[in-house]
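This report refers to the structure that appears directly beneath it.
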Ligand code: ADP
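Structure, rendered in structure tokens:
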């Protein structure tokens, strides 16, 4: 135990030039890629790579809620299941739900509950599945951001997309989007999610301690990153639903320019149809 504390004290997470272990500046986001509509069976889906994180999100619904005693006659339920694959971390993770995944599923469900127009779909449920295929810290933010695109891909009516990012403190410096080493050996991590159009915060958690000023700085970094993520989310949806002129032509090919038989002239049956004798 003492050894670990000693290593933690000795470990430098920011070098003399102000660069982090992976070369980023304190206010720099890891590279992000989002793809919408990657699964055929789900109503909506998205795949996201965010630094070392690889996350898949699938959405079903609104569909009849089961078991029936859970149905709300006034609105839809928004249910989320966040799961980390056993191969998503360096040591094999025990499969199945644990306290952490139950907590993350709950906070993500609550975040989406405040954007989905639930009253339009009584007795139904909107089911969100988040599978973390590779984890490198910030998976709840990646899962939430991807699930938001999957919900839009499913056509679930919402007030807006939700974008999520974390900021924290490492070596006493407030930094955006901590990676696994920074999360493990840093001082604090503060994930948040926002409705970018209105600025409403729909998720806010904190692991560790930040002073009031540090918290303000962390929130301002995360809000800036959320706007960038919002653009990437909309970009992914635009790419998914972009219609080219070629697509339109494929759907309804234009009438050929070469004149065929006039419509008013009924086609006479070929003589052969009536045999050699005729009628
Ligand atoms: P988040 O992924 O949202 O940052 P945490 O702060 O709880 O959530 O986890 C940080 C990181 O710790 C995860 O992204 C993952 O890389 C690692 N981690 C979490 N749970 C486990 C586990 N059971 N086994 C191994 N690594 C884990």
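In our numbering, the protein residues as written are 29 to 307. Just so you know, even glycine gets a beta-carbon here, dropped at the ideal spot from N, CA and C.
Span separating the alpha-carbon of residue i from that of residue j
| i | j | result |
| --- | --- | --- |
| residue 58 | residue 127 | 27 angstroms |
| residue 67 | residue 39 | 42 angstroms |
| residue 90 | residue 210 | 39 angstroms |
| residue 162 | residue 117 | 6 angstroms |
| residue 98 | residue 151 | 8 angstroms |
| residue 229 | residue 142 | 10 angstroms |
| residue 218 | residue 232 | 7 angstroms |
| residue 190 | residue 63 | 16 angstroms |
| residue 93 | residue 102 | 13 angstroms |
| residue 87 | residue 212 | 31 angstroms |
| residue 48 | residue 135 | 29 angstroms |
| residue 250 | residue 220 | 7 angstroms |
| residue 140 | residue 106 | 7 angstroms |
| residue 304 | residue 280 | Bear in mind that a pLDDT of 45 at residue 304, under 50, signals an unreliable position, so the number given afterwards is only what the model happens to contain. Roughly 42 angstroms separates the two Cα atoms. |
| residue 275 | residue 224 | 32 angstroms |
| residue 119 | residue 248 | 34 angstroms |
| residue 269 | residue 255 | 21 angstroms |
| residue 259 | residue 131 | 28 angstroms |
| residue 273 | residue 222 | 36 angstroms |
| residue 267 | residue 185 | 20 angstroms |
| residue 240 | residue 69 | 46 angstroms |
Whole-angstrom C-beta distance between residue j and residue i, which should lie under 8 angstroms
| i | j | result |
| --- | --- | --- |
| residue 74 | residue 171 | That pair is no contact at about 10 angstroms. |
| residue 108 | residue 129 | Their Cβ separation, rounded to whole angstroms, is 10 angstroms, which puts residue 108 and residue 129 out of contact at 8 angstroms. |
| residue 61 | residue 77 | 5 angstroms |
| residue 144 | residue 182 | At roughly 11 angstroms, the Cβ-Cβ gap does not stay under 8 angstroms, so residue 144 and residue 182 are not in contact. |
Classification of residue i by the beta-carbon crowding that lies within 10 angstroms, buried from 16 upward
| i | result |
| --- | --- |
| residue 207 | buried |
| residue 146 | buried |
| residue 242 | buried |
| residue 149 | buried |
| residue 187 | exposed |
| residue 45 | exposed |
| residue 112 | buried |
| residue 168 | buried |
| residue 235 | exposed |
| residue 278 | exposed |
| residue 244 | exposed |
| residue 284 | exposed |
| residue 271 | exposed |
| residue 261 | buried |
| residue 156 | buried |
| residue 302 | Low confidence applies to residue 302: its pLDDT is 44, below 50, so where it sits in the model is not reliable, and the reading given next is rough at best. Counting Cβ neighbours within 10 Å, residue 302 comes out exposed, since fewer than 16 surround it. |
| residue 238 | buried |
| residue 124 | exposed |
| residue 227 | exposed |
| residue 300 | Low confidence applies to residue 300: its pLDDT is 49, below 50, so where it sits in the model is not reliable, and the reading given next is rough at best. That one is exposed. |
Own chain partners of residue i with C-beta closer than 7 angstroms, once the 5 adjacent residues on each side are dropped
| i | result |
| --- | --- |
| residue 253 | 57, 193, 204, 205 |
| residue 201 | 42, 54 |
| residue 214 | 41, 196, 197, 198, 206 |
| residue 133 | 108, 109, 110 |
| residue 50 | 207 |
Contacts around residue i, its chain only, beta-carbon distance under 6 angstroms, and the 5 residues preceding and following it disregarded
| i | result |
| --- | --- |
| residue 158 | 85, 110, 171, 175 |
| residue 121 | 112, 114 |
| residue 257 | 173, 191 |
| residue 164 | 79, 80, 81, 207, 208 |
| residue 71 | 87, 88, 182 |
Close-in-space but distant-in-sequence residues of the same chain around residue i (CB under 8 angstroms, 5 per side omitted)
| i | result |
| --- | --- |
| residue 264 | 62, 63, 64, 74, 177 |
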